[in-house]
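Keeping their order, the protein sequence lines are chains Z and V. My numbering applies: residue 1221 is where the first sequence begins, and numbers increase by one. My numbering applies: residue 1221 is where the second sequence begins, and numbers increase by one.
There are 2 protein chains.
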Amino acid sequence: MNTQFKKGVLELIVLLAVSKKDMYGYELVLEVSKFVDVNDGTIYPLLKRLTNDKYFETYLVDSTEGPARKYYKITVLGKERVKELKQNWTTFVSGVDKFIKECTKDE
Amino acid sequence: MNTQFKKGVLELIVLLAVSKKDMYGYELVLEVSKFVDVNDGTIYPLLKRLTNDKYFETYLVDSTEGPARKYYKITVLGKERVKELKQNWTTFVSGVDKFIKECTKDE
DNA sequence: TTTAGATACTTGACAATGCAAGGTAGTTGG
DNA sequence: CCAACTACCTTGCATTGTCAAGTATCTAAA
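Structure (structure tokens):
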């Protein structure tokens, strides 16, 4: 898959996933992988960044299957960010799609 | 606009535009700008890269409005690249869209 | 002819982000 | 104890877009 396409979009995806329900990192990796090819070394730094930016809060929950799970919970600021990013994304995609159609129509 | 979204997609856009008809750099900047916010300092290096990669060939044409224009023409290799990238792009977008719907459905 | 302005393109330092590869820890079963 | 699985995290690297500055060429006005 094209790595470049993912740039920036993963932020939206992760924000969206967590906004639906609290999740821990590993869970997110598995969930997101169903739709887009991702590496866990991509997700963890991203989660850290989004937490630093106050879009997420975290809490630990013990697990019987390994080390404690760090859950991420979306904040109010995070919800605003989702809305903004989602809007940007749709606008961007529709612009690109229009361009593609424009360039492909006579074939 | 989100800078990151553009990563990789601009390559597709430029390839598509040139595959429709031969174009010179400045013309491309203006054309692409109609759909996506771009900087001319982004387009020129990209054109150079795509030419190095044998996706484009170039030729010069005199102009009455300034210096000679360097036209870019798509190669066979370039056409294959377009097809590949376009396919990747649609697959990627539909994956993301599915994810977005998945996360937004109960609201 | 020299100056100004538009056009056309190049270059280099910079920032963001994804990836591969590695490391740490806890739990369970052999 | 050791292997396998879960879960988490860090580091260095490559790619690609941005911005600022600079080069060069043409036209037209002074």
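Built from N, CA and C at the ideal position, the CB exists for glycine as well.
Burial state of residue i (16 or more Cβ within 10 Å)
{"i": "residue 1269 (chain Z)", "result": "exposed"}
{"i": "residue 1251 (chain V)", "result": "buried"}
{"i": "residue 1231 (chain Z)", "result": "buried"}
{"i": "residue 1298 (chain V)", "result": "buried"}
{"i": "residue 1279 (chain V)", "result": "exposed"}
{"i": "residue 1281 (chain Z)", "result": "exposed"}
{"i": "residue 1303 (chain V)", "result": "exposed"}
{"i": "residue 1318 (chain Z)", "result": "exposed"}
{"i": "residue 1226 (chain Z)", "result": "buried"}
Alpha-carbon spacing of residue i relative to residue j, whole angstroms
{"i": "residue 1242 (chain V)", "j": "residue 1271 (chain V)", "result": "13 Å"}
{"i": "residue 1245 (chain V)", "j": "residue 1288 (chain V)", "result": "11 Å"}
{"i": "residue 1260 (chain Z)", "j": "residue 1247 (chain Z)", "result": "10 Å"}
{"i": "residue 1255 (chain V)", "j": "residue 1236 (chain V)", "result": "13 Å"}
{"i": "residue 1229 (chain Z)", "j": "residue 1240 (chain V)", "result": "28 Å"}
{"i": "residue 1258 (chain Z)", "j": "residue 1310 (chain Z)", "result": "21 Å"}
{"i": "residue 1295 (chain Z)", "j": "residue 1301 (chain Z)", "result": "10 Å"}
{"i": "residue 1315 (chain Z)", "j": "residue 1313 (chain V)", "result": "13 Å"}
{"i": "residue 1320 (chain Z)", "j": "residue 1249 (chain Z)", "result": "31 Å"}
{"i": "residue 1305 (chain Z)", "j": "residue 1322 (chain Z)", "result": "25 Å"}
{"i": "residue 1253 (chain Z)", "j": "residue 1238 (chain Z)", "result": "15 Å"}
{"i": "residue 1234 (chain Z)", "j": "residue 1224 (chain V)", "result": "15 Å"}
{"i": "residue 1273 (chain V)", "j": "residue 1291 (chain Z)", "result": "45 Å"}
{"i": "residue 1264 (chain Z)", "j": "residue 1325 (chain Z)", "result": "42 Å"}
{"i": "residue 1267 (chain V)", "j": "residue 1308 (chain V)", "result": "21 Å"}
{"i": "residue 1262 (chain V)", "j": "residue 1275 (chain V)", "result": "17 Å"}
{"i": "residue 1286 (chain V)", "j": "residue 1221 (chain V)", "result": "32 Å"}
{"i": "residue 1283 (chain Z)", "j": "residue 1277 (chain Z)", "result": "19 Å"}
Residue-level contact to chain V via CB, residue i, 8 Å cutoff
{"i": "residue 1224 (chain Z)", "result": "yes"}
{"i": "residue 1236 (chain Z)", "result": "yes"}
{"i": "residue 1259 (chain Z)", "result": "no"}
{"i": "residue 1243 (chain Z)", "result": "no"}
{"i": "residue 1228 (chain Z)", "result": "yes"}
{"i": "residue 1249 (chain Z)", "result": "no"}
{"i": "residue 1319 (chain Z)", "result": "yes"}
{"i": "residue 1294 (chain Z)", "result": "no"}
{"i": "residue 1316 (chain Z)", "result": "yes"}
Bridge partner(s) assigned by DSSP for residue i
{"i": "residue 1289 (chain Z)", "result": "Z:1281"}
{"i": "residue 1221 (chain V)", "result": "Residue 1221 (chain V) pairs with nothing; no bridge assigned."}
{"i": "residue 1294 (chain Z)", "result": "Z:1276"}
{"i": "residue 1244 (chain Z)", "result": "Z:1291"}
CB contact check: residue i to chain Z, cutoff 8 Å
{"i": "residue 1298 (chain V)", "result": "no"}
{"i": "residue 1308 (chain V)", "result": "yes"}
{"i": "residue 1239 (chain V)", "result": "yes"}
{"i": "residue 1193 (chain V)", "result": "No information on residue 1193 (chain V) is available, as it lies outside the stretch 1221 to 1327 that chain V covers here."}
{"i": "residue 1312 (chain V)", "result": "yes"}
{"i": "residue 1233 (chain V)", "result": "yes"}
{"i": "residue 1286 (chain V)", "result": "no"}
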